[in-house]
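Residue numbers (the numbering used here): 15 to 592. From the three backbone atoms N, C-alpha and C, an ideal C-beta is built for every residue, glycine too. Since the structure is predicted, the reported quantities are computational estimates derived from the model, not experimental observations.
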Ligand SMILES: Cc1ncc(C[n+]2csc(CCOP(=O)(O)OP(=O)(O)O)c2C)c(N)n1
């Protein structure tokens with residue numbers, strides 16, 4: 015007889031799942047035993063269930079396929095929460111199997127009792143208790159369809175005794191649908207979109223993660239409308255490459271002419287972006303296209319909302335558009351973009367090649383140059399977000415993921431674990447803050463245990479650098495941000511990881527080369543400057559107090575990597591007349 019645990023594993027196999035991230039234990043054991051007895055699926059042991067959820071989130075985000083994590087009852091469940099929030103907010107299809115105390119004990123304050131079906135409600139589309147064998151395999155398929163269909167987390171709460179029971183229904187062959195269809199907009203919306211785009215004198219496009227797979231269509235649209243194309247952080251990897259209309263990024267980490275292009279255009283077209291900072295949007299003359307109806311109009315009033323995938327919508331509207339003839343707005347914005355980048359590069363520290371502690375931007379620049387053309391970068395929340403946004407040059411093949419919506423620390427290393435398992439042959443680089451690495455330090459052991467060839471680059475400034483910056487912006491003296499130096503290379507080496515500590519800028523290249531050439535896991539511990547971002551002298555603290563845009567000014571005193579070259583080469587396409 016097969017058990018409910020066996021049945022769940024069979025359904026997961028039908029959905030194409032080949033691994034479960036988690037930590038074995040008590041109520042989970044029947045499931046783990048089913049994994050042991052089933053071909054084609056493995057158990058990936060981590061050191062903290064939080065990391066299991068992050069790893070599944072990365073796998074799901076990168077591949078678009080369902081990924082699975084599991085936690086045992088009580089504390090094993092509560093550890094999952096951080097990673098599940100990250101997965102859910104990123105729209106990553108993740109199924110969490112939250113095993114539960116014996117079903118007859120529910121409601122008795124039993125050992126390790128929590129109420130998982132309440133606990134995970136806020137970070138899932140679907141969260142249900144499986145209290146009897148007869149509910150399976152149906153609930154497993156429903157949970158999977160929710161995760162994949164709605165994009166986010168589903169949780170199956172499974173008491174250990176239920177997992178252990180004999181099945182009551184055949185499993186059947188019906189594989190869950192794990193690829194989503196395309197949302198094609200209604201004809202009337204397409205016509206109205208065309209009319210408004212034709213009527214506007216100038217249109218700027220602002221792209222989010224929803225432009226994934228629509229690069230050609232967005233370029234064709236920009237070409238027809240002579241539109242500047244800006245992006246949010248999550249849109250960068252999909253749209254900034256091979257883009258002669260690029261005007262940079264908006265938001266707290268933004269740069270270039272994006273802000274002006276979005277505010278000065280006659281019409282702003284938001285494409286697949288749920289960019290949360292309303293203050294950076296003009297709040298007028300805006301059209302939004304999104305495959306998710308619930309996002310339409312939630313950041314800004316809209317002249318028109320279009321429900322559709324970006325690619326499908328643009329392909330439908332392009333034949334209805336007239337070629338605009340006046341490109342002076344676009345050319346002006348491209349020039350402004352280049353000037354803005356030149357300005358920040360001028361302000362950028364000159365002696366950077368010799369500076370110690372190492373300037374983090376110098377290290378990020380070298381990392382960008384030396385990383386593989388199809389590398390996957392996972393980026394810790396903190397200043398690594400800034401370095402990735404500024405220095406990791408997208409090319410359509412690289413991927414950059416982070417906790418860009420939940421904004422939790424310590425995501426990069428466990429994300430890298432999921433990424434490396436999903437793509438064993440690809441270079442996976444974890445851009446870790448020392449605070450982030452310290453928070454889930456045990457995951458170094460996971461990397462070592464599974465011999466994952468992850469390359470961990472630690473920006474080790476002995477500081478919670480992003481918070482230090484926030485305190486400066488708020489006019490507060492920084493407090494409890496700087497801590498004693500830790501030698502992460504020594505820790506990694508003790509865990510059996512190839513490790514190098516780098517204190518001199520001249521040694522960075524050799525350290526990266528050694529790490530990238532090493533066939534197994536490798537860590538480069540860069541001793542970086544916590545004060546790399548100081549307040550520009552002409553801005554006083556009182557000017558900045560409480561003013562969010564000030565963060566941009568501070569960050570703008572840093573460099574912008576290869577983006578200046580891109581801006582310059584885009585200007586070469588602009589007719590000489592300007
Ligand atoms: C779990 C969690 N705790 C606290 C924060 C607030 N926070 C945001 S960035 C940051 C500092 C990160 O420090 P580190 O990883 O060393 O990176 P750095 O900014 O110094 O490069 C903190 C404490 C958070 N985002 N997530």
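Nearest to residue 77 by C-alpha distance, out of 211, 65, 107, is 107.
Counting C-beta pairs with one atom in each stretch, the stretch 134 to 142 and the stretch 434 to 450 have fewer than three that are closer than 8 Å, which means they do not touch.
For residue 395, no beta strand (DSSP E) segment is defined, and its DSSP state is neither H nor E.
Under the criterion of beta carbons closer than 8 Å, residue 310 and residue 304 qualify as touching, at roughly 6 Å.
Between the alpha carbons of residue 31 and residue 183 lies a gap of roughly 21 Å.
Around the C-beta of residue 336, fewer than 16 other C-beta atoms lie within 10 Å, and the residue is accordingly described as exposed.
With the rule of 3 Cβ pairs closer than 8 Å, the stretch 170 to 177 does not count as touching the stretch 280 to 296.
The C-alpha of residue 262 lies about 11 Å from the C-alpha of residue 221.
At a threshold of 6 Å, residue 448 counts as near ligand 1, since its beta carbon sits closer than that to one of the ligand's heavy atoms.
Leaving aside the five residues that flank residue 250 on each side, the residues in its chain whose CB is nearer than 8 Å to its CB run, in chain order, 263, 403, 408, 414. The DSSP-derived three-state label of residue 474 is strand. Checking the DSSP bridge columns, you'll see residue 140 partnered with 168. The nearest non-hydrogen atom of ligand 1 is less than 6 Å from the C-beta of residue 477.
Excluding five sequence positions before and after residue 328, the CB atoms of its chain that fall closer than 6 Å to its own CB belong to 231, 235, given in chain order. Under DSSP, residue 35 shares a beta bridge with 58, 83.
In summary, residue 340 is exposed, with fewer than 16 beta-carbon neighbours lying within 10 Å of its beta-carbon over all protein chains present. Within 10 angstroms of the beta-carbon of residue 125 lie fewer than 16 other beta-carbons, which makes it exposed.
Boundaries of the alpha helix (DSSP H) around residue 452: 448 to 453.
For residue 528, no beta strand (DSSP E) run applies; the uninterrupted alpha helix (DSSP H) run containing it begins and ends at 522 to 531, by DSSP. In the structure shown, the three-state DSSP call for residue 302 is strand. For residue 429, there is no enclosing beta strand (DSSP E); the enclosing alpha helix (DSSP H) covers residues 426 to 436.
Excluding the 5 residues flanking it on each side, residue 41 has same chain C-beta neighbours closer than 7 Å at 86, 87, 113, 114, 115, 173, 174, in chain order. If you draw a straight line from the Cα of residue 143 to the Cα of residue 385, it comes to about 45 Å.
In its chain, beyond the 5 residues on either side, 378, 379, 382, 575 have a beta carbon closer than 6 Å to the beta carbon of residue 405. Taken through DSSP and simplified to helix, strand or coil, residue 230 comes out as helix. For residue 480, the uninterrupted alpha helix (DSSP H) run begins and ends at 479 to 487, by DSSP.
Comparing alpha-carbon positions, the option among 517, 191, 513, 248 lying closest to residue 528 turns out to be 513. Taking 7 Å as the cut-off, the Cβ atoms of residue 390 and residue 440 count as close. Contact annotation, residue 546 with residue 333: C-beta distance approximately 50 Å; criterion of less than 8 Å not satisfied. In this structure the stretch 210 to 227 does not touch the stretch 38 to 53; the number of beta carbon pairs closer than 8 Å is below three. Within the same chain, 221, 225, 229, 232, 243, 245 come within 7 Å of residue 253 by CB-CB distance, once the 5 residues on both sides are set aside.
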